[in-house]
Amino acid sequence: MRTVGEPTQTPLQYCRIRPTLHLYLRNPMIFLTATDHGCVYTLSQEDGDELYYAPIYTNGTVNLEEFAPVDMNEIDMDQMEIYDIIRRLKLISEV
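The sequence shown maps to residues -16 to 78 in the working numbering.
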């Protein structure tokens, strides 16, 4: 049952952060963990076309404030591997 003043839920994901603050997530962040690369990947929230990464620390944690764009000209891996990561992230985000 909904109380007075509480927003109705829409198809958007609904999160209650505080009793007076509500957050609607249109595009939740999707992460792809690549332990062999030592990082976590995600796509930009604006258009989903830019790949970002953040390192995985030795204790297994990831600081979500440390995401940086992947420089496609400076990467040490095969371009097809990077495009496969982007493709997989886009497939996951469509679910």
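Note that the Cβ used here is the ideal one computed from N, Cα and C, for glycine as well.
query                                                                                                                                                : result
Would you list the one or two residues that DSSP bridges to V23?                                                                                     : T16 and A37
Quick check on the DSSP output: the alpha helix (DSSP H) that includes M63 runs from which residue to which?                                         : Q62 to S76
Return the CA-CA distance between D61 and V78, expressed in angstroms with no decimal places.                                                        : 27 Å
In chain order, what residues of the same chain lie with their CB nearer than 6 Å to the CB of Y36, ignoring the 5 residues before and after it?     : C22, Y24 and V53
Using 10 angstroms around the beta-carbon of I75, count the other beta-carbons present and answer buried if the total reaches 16, otherwise exposed. : exposed
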